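These notes are about the structure you will find just below.
Residue numbers (our numbering): 3 to 223.
Here you go:
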């Protein structure tokens, strides 16, 4: 083997090690997974998602799979305190499938299963003050109850649909977080010990939007 070939091999190994280090933190890791194929989901929802997803595993095994939407339509949010201002309210962002029982960002129980993720903004009333540094969040809806990826919902309707996920009068939610620009799917704990998934969301215009949200952990109270 020539010196150049040896050098190329060393660089390739180093890059692979770097990539592995980015996706594995404190025993948590992200690996690619296949297409979303939940039998309860509509064909329209399946086709709206990227062909491959991201599997998040913790130190004790698989936790959830995430599929982001293949092309999020253009939107605009002018609400004060919003960070993801190019997303339209109630826009479908993707799907999460939990393989074990867990909780949402408010500590409400979530059963194993697949849920659509739709963009929302929490109200500015006293019940939501200080729940998150930003107002943006993702609303969870059982995929069997959310068949049309292009549907748009008013706030009250979205909250009612999500109550089927939480089993309470309050919607089931995951908090969005400030995203960096790395782009590669990754998972890491933040300063509060909450587990944050980050990636890039593809838009219908062909651009990419960095996105991050808390997949495990509850609001600081």
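Think of the CB as a built atom: it goes at the ideal place given N, C-alpha and C, for glycine as much as any other residue. On a predicted model such as this, the values are computed, not experimentally measured, just so you know.
Check your understanding: Any idea what DSSP makes of residue 155, helix, strand or coil?
Key -> What you label residue 155 is simply residue 153 of the chain shown in a count that begins at 1. Residue 155 falls in the coil class under three-state DSSP.
Exercise for review: Leaving out five residues on either side along the sequence, give the residues of the same chain with a beta carbon under 6 Å from the beta carbon of residue 44.
Suggested key: Position 42 of the chain shown, counting from 1, holds the residue named residue 44. Excluding positions up to five away in sequence, the list reads 149.
Check your understanding: In whole angstroms, what is the alpha-carbon distance linking residue 79 and residue 70?
Key -> Counted from its first residue, the chain shown places residue 79 at position 77. Counted from its first residue, the chain shown places residue 70 at position 68. Residue 79 and residue 70: Cα-Cα distance of roughly 20 Å.
Check your understanding: Does DSSP classify residue 160 as helix, strand or coil?
Key -> To locate residue 160, count along the chain shown from 1; it is residue 158. Here residue 160 sits in helix by DSSP.
Review point. For residue 129, which of helix, strand or coil comes out of DSSP?
Key: By one-based count along the chain shown, residue 129 stands at place 127. A caution first: residue 129 carries a pLDDT of 49, below 50, which makes its placement in the model unreliable, though a value can still be read off. Here residue 129 sits in helix by DSSP.
Check your understanding: Considering only residues of the same chain and omitting the five flanking positions on each side of residue 53, which have a CB-CB separation below 7 Å?
Key -> Here residue 53 corresponds to residue number 51 of the chain shown, with the count starting at 1. Close CB contacts of residue 53 within its chain, under the 7 Å cut and outside five residues either way in sequence, are with 37 (chain order).
Exercise for review: For residue 124, count neighbouring C-beta atoms within 10 Å of its own C-beta (all shown protein chains included) and say buried if the count is 16 or more, exposed if not.
Suggested key: Residue mapping note: residue 124 aligns to position 122 of the chain shown, counting from 1. Burial call: buried.
Practice item. With DSSP as the reference, please indicate the residues paired to residue 74 in a beta bridge. Key: Numbered from 1 along the chain shown, position 72 holds the residue referred to as residue 74. For residue 74, which the question treats as bridged, DSSP gives the partners 205.
Point to revise | Candidates 95, 112, 108 and 197: closest to residue 102 by CA position | key: Position 100 of the chain shown, counted from the first residue, corresponds to residue 102. Checked all of 95, 112, 108 and 197; the closest Cα to residue 102 is 112.
Point to revise | Own chain partners of residue 30 with C-beta closer than 6 Å, once the 5 adjacent residues on each side are dropped | key: For this step, residue 30 is matched to residue 28 along the chain shown. Excluding sequence neighbours, residue 30 sits near 60 and 189.
Practice item. Provide the residue span of the alpha helix (DSSP H) that contains residue 31, from first to last. Key: Stepping through the chain shown from its first residue, residue 31 is reached at position 29. For residue 31, no alpha helix (DSSP H) run applies; the uninterrupted beta strand (DSSP E) run containing it begins and ends at 30-35, by DSSP.
Review point. With DSSP run on the structure shown, which of helix, strand or coil describes residue 101?
Key: As a position in the chain shown, residue 101 is number 99, starting the count at 1. Looking at residue 101 - three-state DSSP - the assignment turns out to be coil, as it is neither helix nor strand.
Check your understanding: Anyone know if the C-beta pair for residue 92 and residue 160 falls short of 7 Å?
Key -> Locating residue 92 in the chain shown gives position 90, counting from the first residue. Locating residue 160 in the chain shown gives position 158, counting from the first residue. The answer is yes: Cβ separation under 7 Å.
**Study point:** Close Cβ partners of residue 131 (< 6 Å) along its chain, the five nearest in sequence each way excluded
**Key:** The residue given as residue 131 occupies position 129 in the chain shown. Any reading at residue 131 must be qualified, since the residue scores a pLDDT of 47, below 50, and its modelled position is unreliable; the value itself is stated next. Residues of the same chain with their beta carbon placed closer than 6 Å to that of residue 131 are lacking, with the five preceding and five following residues left out of the count.
Point to revise | Integer-rounded CB distance, given that residue 194 should sit under 8 Å from residue 219 | key: Translated into the one-based positions of the chain shown, residue 219 becomes position 217. Translated into the one-based positions of the chain shown, residue 194 becomes position 192. So it is a contact: roughly 7 Å between Cβ atoms.
Point to revise | Between the CA atoms of residue 97 and residue 119 - distance to the nearest angstrom | key: For the purposes of this step, residue 119 is identified with residue 117 of the chain shown, where counting begins at 1. For the purposes of this step, residue 97 is identified with residue 95 of the chain shown, where counting begins at 1. Answer to the nearest angstrom: the Cα atoms are 5 Å apart.
Check your understanding: For residue 34, is the classification buried or exposed, using 16 other Cβ atoms within 10 angstroms of its Cβ as the cut-off for buried?
Key -> Counting from one through the chain shown, the residue named residue 34 turns up at place 32. Exposed is the label assigned to residue 34, since fewer than 16 other Cβ atoms lie within 10 Å of its Cβ.
Exercise for review: Report all residues from its chain with a CB closer than 6 Å to the CB of residue 104; omit the five preceding and five following residues, and keep chain order.
Suggested key: The count along the chain shown starts at 1 and reaches residue 104 at position 102. Only 112 meet the Cβ criterion.
Review point. Residue 41: buried (16+ other C-beta within 10 angstroms of its C-beta) or exposed?
Key: Along the chain shown, read from residue 1 onward, the residue named residue 41 stands at position 39. So residue 41 counts as exposed.
Review point. For residue 214, does the three-state DSSP call read helix, strand or coil?
Key: For the purposes of this step, residue 214 is taken as residue 212 along the chain shown, with counting starting at 1. Residue state for residue 214 is assigned as strand, using DSSP reduced to three classes.
Check your understanding: Taking DSSP as the reference, what is the three-state secondary structure of residue 176?
Key -> For the purposes of this step, residue 176 is identified with residue 174 of the chain shown, where counting begins at 1. In the structure shown, residue 176 sits in a strand (DSSP, three-state: E or B).
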